[in-house]
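Number 323 marks the last residue of the sequence shown (our numbering); no jumps. Idealized CB from N, CA, C, for every residue including glycine.
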Amino acid sequence: MRLDPRPITTADAEALAQLMARIAKDHPTGFELAAREVVELMGDYPGVIVDGGWFAGGLVAYTAVLPRTAVDGVHPFLFFGDVDPAHLGQGFGTVMFERALAAARAVHQQDAPDEKARFSTRALDGRSDQADLLSSHGFTLDRHNFLMVSTFDSLPEPVLPDDLALSAFDPADSDELRAAQNLAFRDYPSYSDIDEANWTPFMITATHARHDQSFVLRDPARDNAVAAYVFTHEYALAPSGEKGREAYVAYVGTLPDYRGRGLATNLLAHTLHACKAAGFDTSSLDVDTANPTGALGIYERAGYSVRYRQDNYALVE
Numbered sequence: 007m008r009l010d011p012r013p014i015t016t017a018d019a020e021a022l023a024q025l026m027a028r029i030a031k032d033h034p035t036g037f038e039l040a041a042r043e044v045v046e047l048m049g050d051y052p053g054v055i056v057d058g059g060w061f062a063g064g065l066v067a068y069t070a071v072l073p074r075t076a077v078d079g080v081h082p083f084l085f086f087g088d089v090d091p092a093h094l095g096q097g098f099g100t101v102m103f104e105r106a107l108a109a110a111r112a113v114h115q116q117d118a119p120d121e122k123a124r125f126s127t128r129a130l131d132g133r134s135d136q137a138d139l140l141s142s143h144g145f146t147l148d149r150h151n152f153l154m155v156s157t158f159d160s161l162p163e164p165v166l167p168d169d170l171a172l173s174a175f176d177p178a179d180s181d182e183l184r185a186a187q188n189l190a191f192r193d194y195p196s197y198s199d200i201d202e203a204n205w206t207p208f209m210i211t212a213t214h215a216r217h218d219q220s221f222v223l224r225d226p227a228r229d230n231a232v233a234a235y236v237f238t239h240e241y242a243l244a245p246s247g248e249k250g251r252e253a254y255v256a257y258v259g260t261l262p263d264y265r266g267r268g269l270a271t272n273l274l275a276h277t278l279h280a281c282k283a284a285g286f287d288t289s290s291l292d293v294d295t296a297n298p299t300g301a302l303g304i305y306e307r308a309g310y311s312v313r314y315r316q317d318n319y320a321l322v323e
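See below:
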């Protein structure tokens, strides 16, 4: 009996969510969604490609490809995917990955044929099968990410500066906050600016966005310019695998003119206190170890510790 790969539809959302849960029970992936979040992913994100692999009547593998708008001569694609632990070693991952890569290449040829394509994905540290698959298709090890977790033990007290004003995330400021995010991460490795089409479903309309637990520091002396921010989400399945409510910190940023003042550390501490008061049990975040702003140290000072590592792989064509 062969694997039957085909596009996943919203009718398959519950089956995909159950597959992700089985995978997460065996090993972390950083991409575990509930059925309603699968529906959002497929309906709200432009150009997303979600494929499934069925075997013996059940969904046993999946891939998701998230295209981004070409910027500065590069057309980026982000890949996710995995196989049911009960069906590892049967070649299903290879079939699904090759379909995803072919689909991304087709989109690239249609949308940005004169730009370079950059395909990127992750392998869990220690998963030699994933690393070998990526290497065999020309992907090279790029850098590493840590999933970090705070259990709210001994949270540092925030010391926010008197010259800056604190406010919660306001969707009315969406364009300004997106511009601030892009400026703050401009020197981040392989960063691509986020356009409105990708920002809005992730930061504004998503059911997992938590605006009340997302905060912005502004500078009244400079027309309330954004100085720093922390944006928080809450997924149905905690990325850390912990039980209870988990505040996932999607973005932490300090604008270049305000760096070196400890704003990110203290605003993050403020956010964690707010999340704890709101009934969250843990917090998690993902950090690139090559982040040029010293983010790893910021998160450690805020009380986070490393839970697991993922290795980033990329292919540029």
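Could you give the DSSP three-state label for residue i: helix, strand or coil?
{"i": "Gly59", "result": "strand"}
{"i": "Ala233", "result": "strand"}
{"i": "Phe191", "result": "coil"}
{"i": "Phe219", "result": "Looking at the sequence itself, residue 219 is Gln, so the reference to Phe does not match. DSSP places Gln219 in strand when its eight states are reduced to three."}
{"i": "Thr16", "result": "helix"}
{"i": "Thr35", "result": "coil"}
{"i": "Ala197", "result": "Checking the sequence shown, residue 197 turns out to be Tyr, not Ala. Here Tyr197 sits in coil by DSSP."}
{"i": "Ser290", "result": "strand"}
{"i": "Gly144", "result": "coil"}
{"i": "Ser156", "result": "strand"}
{"i": "Asp168", "result": "coil"}
{"i": "Thr238", "result": "strand"}
{"i": "His150", "result": "strand"}
{"i": "Arg8", "result": "coil"}
Would you kindly check if the distance between the Cβ of residue j and the Cβ of residue i is under 8 Å?
{"i": "Gln316", "j": "Asp131", "result": "yes"}
{"i": "Tyr319", "j": "Ser134", "result": "no"}
{"i": "Ser290", "j": "Ala231", "result": "no"}
{"i": "Gly87", "j": "Asp292", "result": "no"}
{"i": "Asp218", "j": "Ala174", "result": "yes"}
{"i": "Val113", "j": "Pro73", "result": "yes"}
{"i": "Tyr264", "j": "Ala234", "result": "yes"}
{"i": "Gly247", "j": "Ala30", "result": "yes"}
{"i": "Met7", "j": "Ala92", "result": "no"}
{"i": "His214", "j": "Tyr257", "result": "no"}
{"i": "Pro13", "j": "Met102", "result": "no"}
{"i": "Ala178", "j": "Ala118", "result": "no"}
{"i": "Ala324", "j": "Asp168", "result": "The shown model of the chain, from 7 to 323, leaves out residue 324, and the question about it has no answer."}
{"i": "Val155", "j": "Thr288", "result": "yes"}
{"i": "Lys122", "j": "Gly95", "result": "no"}
Where does the unbroken beta strand (DSSP E) through residue i begin, and where does it stop?
{"i": "Glu252", "result": "Glu252 to Thr260"}
{"i": "Phe83", "result": "Val80 to Val89"}
{"i": "Asp317", "result": "Ser311 to Val322"}
{"i": "Pro64", "result": "Checking the sequence shown, residue 64 turns out to be Gly, not Pro. Taken as a continuous stretch (DSSP letters only), the beta strand (DSSP E) holding Gly64 covers Gly64 to Pro73."}
{"i": "Ala171", "result": "Ala171 to Ala174"}
Measure the alpha-carbon distance for residue i versus residue j and round it to whole angstroms.
{"i": "Pro34", "j": "Phe237", "result": "23 Å"}
{"i": "Ser198", "j": "Pro82", "result": "8 Å"}
{"i": "Leu161", "j": "Glu306", "result": "11 Å"}
{"i": "His143", "j": "Gly99", "result": "13 Å"}
{"i": "Ala70", "j": "Asp57", "result": "6 Å"}
{"i": "Leu223", "j": "Gln115", "result": "42 Å"}
{"i": "Met48", "j": "Ala109", "result": "16 Å"}
{"i": "Val255", "j": "His239", "result": "6 Å"}
{"i": "Ala67", "j": "Pro262", "result": "42 Å"}
{"i": "Asp327", "j": "Thr157", "result": "The structure shown does not extend to residue 327, since the chain is modelled only from 7 to 323, so the question has no answer here."}
{"i": "Arg192", "j": "Glu163", "result": "30 Å"}
{"i": "Thr271", "j": "Trp60", "result": "46 Å"}
{"i": "Arg124", "j": "Ala308", "result": "33 Å"}
{"i": "Leu273", "j": "Arg313", "result": "22 Å"}
{"i": "Phe221", "j": "Leu302", "result": "20 Å"}
{"i": "Leu39", "j": "Phe85", "result": "15 Å"}
{"i": "Asp148", "j": "Arg111", "result": "20 Å"}
{"i": "His279", "j": "Leu269", "result": "15 Å"}
{"i": "Arg105", "j": "Gly64", "result": "19 Å"}
{"i": "Ala24", "j": "Asp18", "result": "At residue 24 the sequence reads Gln, which differs from the Ala that was named. Their Cα atoms are separated by approximately 10 Å."}
Please confirm whether residue i has its beta-carbon closer than 8 Å to some beta-carbon of chain D.
{"i": "Gly309", "result": "The chain labelled as chain D is not found in the depicted structure, where only one protein chain is given."}
What span of residues does the alpha helix (DSSP H) with residue i cover, start to end?
{"i": "Lys122", "result": "From DSSP, Lys122 is part of no alpha helix (DSSP H) but of the beta strand (DSSP E) over Lys122 to Leu130."}
{"i": "Ala41", "result": "Ala41 to Asp50"}
{"i": "Phe103", "result": "Phe98 to Asp117"}
{"i": "Glu163", "result": "Careful: Glu163 lies outside any alpha helix (DSSP H) and carries neither H nor E."}
{"i": "Ile304", "result": "Ala301 to Arg307"}
{"i": "Cys273", "result": "The sequence shown places Leu at residue 273, not Cys. Its alpha helix (DSSP H) spans residues Leu269 to Ala283."}
| field | Inter-stretch contact at 8 Å, needing at least 3 Cβ pairs: the segment 178 to 196 / the segment 204 to 212 | value | Yes, they touch.
| query | Would you call the segment 240 to 254 and the segment 44 to 55 in contact, with 3 or more CB pairs under 8 Å? | reply | no
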